[in-house]
Amino acid sequence: MAERFPFCPACESDIEIDDLDVDRGERIGCPECGVTLTVLRVSPIELDIADEEVREWRDN
Ligand SMILES: [Zn+2]
């Protein structure tokens, strides 16, 4: 089990996601500030603010 959640680089809030629920490159929204975040890596989860020019990642 994960001991700590990743945090939003924009508002530094903990984001309660499980590393089994996300894939690298997936984009999620921060529930606190609403910014779009990209999953840079998993185990541990590392998030970065998504750049609007980032290419669309394939779903599945
Ligand atoms: Zn945030």
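To convert, count from 1 in the sequence shown and add 684; that's my numbering. All C-beta atoms in this analysis are idealised placements derived from N, C-alpha and C, irrespective of residue type, glycine included.
Next item on the list: Confirm, please, whether the CB-CB distance from Glu-710 to Ser-697 is below 8 Å.
Entry: In this structure, Glu-710 does not lie closer than 8 Å to Ser-697 by Cβ.
Notebook entry, point to check: Buried or exposed: Cys-692, going by 16 or more other Cβ atoms within 10 Å of its Cβ?
Noted result: With 16 or more other Cβ atoms from the protein chains shown falling within 10 Å of its own Cβ, Cys-692 counts as buried.
Margin query: Taking 7 Å as the cut-off, is the C-beta of Ser-727 nearer than that to any heavy atom in ligand 1?
Written below: Taking the Cβ of Ser-727 as the reference point, every heavy atom of ligand 1 lies at 7 Å or farther away.
Next item on the list: State yes or no: is the C-beta of Ala-694 nearer than 7 Å to some heavy atom of ligand 1?
Entry: Yes; taking the cut-off as 7 Å, the Cβ of Ala-694 has a heavy atom of ligand 1 nearer than that.
Notebook entry, point to check: What does DSSP give as the partner residues of Leu-721 in its beta bridges?
Noted result: Leu-721 pairs with Ile-712 and Ile-733.
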